[in-house]
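Peer 1: What follows is a single structure, and I will ask about it in a moment.
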Amino acid sequence: MKESLTDKVTSLAKRRGFYWQAYEAYGGVGGFYVLGDLGTKLKDNIVRLWKKMFLDKYGFIEIESPTIGPYVVFEASGHVGSFKDAMSECLKCHNKYRADHLLAEQGIQVSESTRLDVLEHLMNENKILCPECRQSSWRVTAFLTMFQTNIGPYSENIGFLRPETAQGMFVEFKQIYESNRGKMPLGVAQIGKAYRNEISPRQGLIRLREFSQIELEFFFNPNNNSCEYLHQVDDIKMNILDEKKVARGDEIPYRLSAKEAIDKGYIIQPWLAFFMALSQKFLNELGVKSEFQRFKAKLEGERAHYSAQTYDQEVLTEKYGWIEVAGHAYRQDYDLKSHTLKGSIDMYVVEELKEPMREKKTLAYVNSKRVKDEFNGKASEIFVEISKYDPKTLAQKLNEVGKIELEGVVLGREYFTLKEVEETISTRKFIPHVVEPSFGIERIICATLEHAYSERENRVILSLKEDIAPYKFAVFPLVKKDGLDEKAKEVFNMIKAEGISVLYDDDGSIGRRYARVDEIGVPNAITIDYQTLEDDTVTVRKRDTWDQNRVKISEVLKT
RNA sequence: GCGACCGUAGUCUAGUCUGGUCUAGGACGGGAGCCUGCCACGCUUCUGACCCGGGUUCAAAUCCCGGCGGUCGCACCA
C-alpha cells in the first residue's frame, strides 16, 4: 500500500521534531507523546490564534483549574457513573462486551447502579450468548476510563485526573461569575491537559491517554438565547449532517450558514450554531479548507450524558478518513444543576429584567383586633403561627379552601382583610445554560500538518500559515566566506533581538538549506549575498512560491 | 481487551526461513571540515541500530516463551 499523507506527516514530525511517541527509551507507552521544539511552537501559535478568535474578540475570559479533582466532583458531574462500564468477558473466547448492552438486547433493563455480581448472575442465568462464539459463560468486571489516584495519605480519599477540563469551569462557576461582576452571557475558557484511560489508544496523536483540550463554556440565559454575533458568520457555509441524515447513513451534507441551520431546526441553539461556524473559520485560518470539514450530529444514544445536542466537527484525513477535531455540545444546565444539588453553592444567576414585570396579586392580612377580641389568651399564639406564612400564601389558601388551619384553630375568611396589590418584579433567578465548543489540540495539530503538507520536485513543503509557523524567518549566507556569514549572523541577531523566531543555517549548499526550512514550514528565507555587502539589501525567498524579492535589511520584517 | 501480522541507527532497508563468516551491510539523514555566486552538486571524515526479559544451544538479530510497542480487524471511544 502506498504511504499515506498521514504516514508521511508522522514520519516528518518525528524526523524534524514536531512530536513523537513518549518513553521510547523503555519501549514506549501507548497513548502518550512528546512535543518537540517545533511542536510546542506550533501548539502555542495555534492556541494564541484560538484565543484571539474566541476570547479577545468577544471579551470572553480564561481560567486554569486543577487537573486532579475529588471523587464527589466527578460523581456530581456524572462521570463516575458513565465513565465506568460494566464489561462482561466471555470466558470461552475472551471477547469483552458492555454487560448492559447485551442484557438490553434480551429485554433485560439494568441501571448504572446495578452491582457487578448481580449483572454476572443475570448474564449467566439468562443464558446470554456471546455474539462471537455463541457460548454463555461470563465474568463481569468494571472498567473505569478515568485515571484514579488518592488525595493525601488515605487510600479511601479517591481522586481522579480530569477527563475533560470543563468541570473546573462548572464547579468554580459562582466565583468566576462574581469576580466578573455578574456578566451574562459569560464565556469561560480553559486550556490544558485531560486524561482518559483508553482501552486501546492508537492512531498516533488521534487517540491519547493524556491530551490537551481547549474548552469554552458559554453560559447564557435560556430565556434569552439569541446570539448577537450571528451575522458575523453569515458567509460561512457549513457542511452539516443532522441527526436524521446520520441515522439513515446519508453522507451528503447540507451546506448552510449558522442562521439557516437554526431556521431549519438542524441546530437547536443559536450560540451553538455561532460557535460551530466560528470553529470552521478557525480551522480555515489553520489552513484546513471548508470542503475538508463537516459537522456530524451525534445520535441520542451516542451522546454524552449531559448533552441535548452534539455536533462533531470533523476533518478529512487520508489515512483515517474523517476524524473528530472538536465537539460542539449543548450541555443545557446539566452540570451547574448537578453541582448545585450535590455541592454547597447554588449556581443560579439573578437576572435583572429589562422590562420589569407588573404582577397582580392578592395579599391577606389578619384582622388582629377581631382575633384579640374573640380568642383572648390564645391570640398571641395565633399570631405566631400566622406569621409563619407570608400574606401571599395566606391569600392563596383563603381563595382555594376558604380557611386557614392552625394548631387547634380554624380561621375563616372573615378574620382577614384581602388586599389587591400590583407588584413590580425586576429580577428573576435562573441556572445558566451552556453550549460548549471543545477542541482536541493534538488532533488539530495533525489536521493542520496534514493539510499543510505537499511535495514539489521530490521535496517536502509544509505550507503552514505565517501566523502559526514555528519559525517565521531563516537567514542564510549565500556562501560561507568573504564575510557573508558574518553579515548573515548580524541579520540573524537583529531579527532574534526583535523576539521573532528565526533560524540560522550556513551548512551545505543554498538549495539544501531552502529545502530544509521548507519542510518545517518557515515562510521566509533571507539570503545574504555579495550585493548585500554593497547596499544592505537581501533577497527574501517565499516558501510557497519560491519567488525572491530584494529588500532593504531594514524592511525585511515587514514582508 | 481479543485475534492476525509485525518490531535491525533519526528514516528506509539487507541479513531471520536454513543459528556460526554479523566486532550487523547499504542508502538517506545528522555533525565537523573542504567546496559552493540562489533551490537537496561534489569530496573527506565522524555519528548511530538487532524493542525488553527469560529459555534452548558450544554459539541467537536469526529458534521458543513472556512482556512492551506498532499496524489492521472486532470491541471500546461517555
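Each residue of the first sequence is one higher than the one before, counting from 31 in my numbering. Glycine included, each C-beta is placed from N, C-alpha and C at the ideal position.
1. So for S209, helix, strand or coil by DSSP?
2. Taking the continuous alpha helix (DSSP H) assigned at M214, which residues delimit it?
3. Using the Cα positions of G234 and K459, report the straight-line distance between them to the nearest angstrom.
4. Express the C-alpha separation of K267 and N314 in angstroms, rounding to a whole number.
5. I'd like the span of the alpha helix (DSSP H) that includes F104, first residue to last.
6. Do you know offhand how far T589's Cα is from F322's?
7. Within 10 Å of its beta-carbon, does H335 have 16 or more other beta-carbons around it, so buried, or fewer, so exposed?
8. Does the beta-carbon distance from R324 to P283 come in below 8 Å?
9. Is G137 helix, strand or coil when you go by DSSP?
10. Where N210 and F203 are concerned, what is the direct C-alpha to C-alpha distance, given to the nearest angstrom?
11. For the structure I just gave you, are there three or more beta carbon pairs, one from the stretch 555 to 566 and one from the stretch 508 to 516, closer than 8 Å?
12. Going by C-alpha to C-alpha distance, which of I540, Y445, K391, V532 sits closest to N554?
13. In the DSSP assignment, find the alpha helix (DSSP H) that holds I266 and state where it starts and stops.
14. Since I believe T171 is in contact with M214 (beta carbons under 8 Å), could you give me their beta-carbon distance rounded to a whole number of angstroms?
15. What separation, rounded to the nearest whole angstrom, lies between the Cα atoms of G69 and Q243?
16. Nearest by alpha-carbon distance to Y364: which of H109, L42, R192 is it?
17. DSSP state of Q299, grouped into three classes?
18. If you follow the alpha helix (DSSP H) that N75 is part of, which residue opens it and which one closes it?
19. Helix or strand or just coil, what does DSSP make of M120?
20. Return yes when the Cβ of I91 is within less than 8 Å of the Cβ of G222, no when it is not.
21. Contact defined as beta carbons within less than 8 Å: I believe V355 pairs with F304. What is the distance between those atoms, to the nearest angstrom?
22. So, with DSSP's three-state summary, where would you put E444?
23. Are the beta-carbon atoms belonging to W80 and V64 less than 8 Å from one another?
24. Look up F113 in the DSSP assignment and say whether it is helix, strand or coil.
25. Give every residue of the same chain whose Cβ lies closer than 7 Å to the Cβ of E150, excluding the five residues on either side of it in the sequence, and list them in chain order.
26. Is L514 helix, strand or coil by DSSP?
27. Leaving out five residues on either side along the sequence, give the residues of the same chain with a beta carbon under 6 Å from the beta carbon of I416.
28. For the alpha helix (DSSP H) that contains L146, what are its first and last residues?
29. If I measure Cβ to Cβ from A482 and keep anything under 6 Å in the same chain, skipping five residues before and after, which residues do I get?
30. Quick one: what does DSSP say N251 is sitting in, helix, strand or coil?
31. Comparing C-alpha positions only, which one of E94, R78, I93 sits nearest to K87?
32. From Y207 to F200, what distance separates their C-alpha atoms?
33. Is it the case that the Cβ atoms of A219 and F84 are separated by a distance below 8 Å?
34. Using C-beta distances below 7 Å, list every residue in its chain close to G189, excluding the 5 sequence neighbours before and after it, in chain order.
35. Can you grab the Cα-Cα spacing for the pair H369 / L174, in whole Å?
36. Considering only residues of the same chain and omitting the five flanking positions on each side of T40, which have a CB-CB separation below 7 Å?
Peer 2: So, from the data block:
1. helix
2. That residue, M214, is in no alpha helix (DSSP H); it is neither H nor E in DSSP.
3. 47 Å
4. Answer to the nearest angstrom: the Cα atoms are 12 Å apart.
5. 101 to 106
6. Annotation: T589 to F322 spans about 30 Å, alpha carbon to alpha carbon.
7. exposed
8. yes
9. Note: G137 maps to coil in three-state DSSP.
10. 11 Å
11. The stretch 555 to 566 makes contact with the stretch 508 to 516; the number of CB pairs closer than 8 Å reaches 3 or more.
12. Of the listed residues, the one whose Cα sits closest to N554 is V532.
13. For I266, no alpha helix (DSSP H) segment is defined, and its DSSP state is neither H nor E.
14. With 8 Å as the limit, M214 and T171 do not qualify as a contact, their Cβ atoms being about 45 Å apart.
15. 15 Å
16. H109
17. coil
18. 67 to 80
19. Note on identity: in this sequence residue 120 is Cys, with Met being the wrong assignment. Residue state, collapsed to three classes: strand.
20. no
21. Contact doesn't hold; Cβ gap of about 18 Å is too wide.
22. helix
23. no
24. coil
25. W168, R169, V170
26. helix
27. V396
28. 146 to 155
29. Once the five neighbours on either side are set aside, the close Cβ partners of A482 are G317, L492, S493, L494.
30. coil
31. R78
32. Distance between Y207 and F200, taken at the CA atoms: about 10 Å.
33. yes
34. I98, G99, P100, Y101, T179, N180, I181
35. For H369 and L174, the distance between alpha carbons rounds to 22 Å.
36. G234
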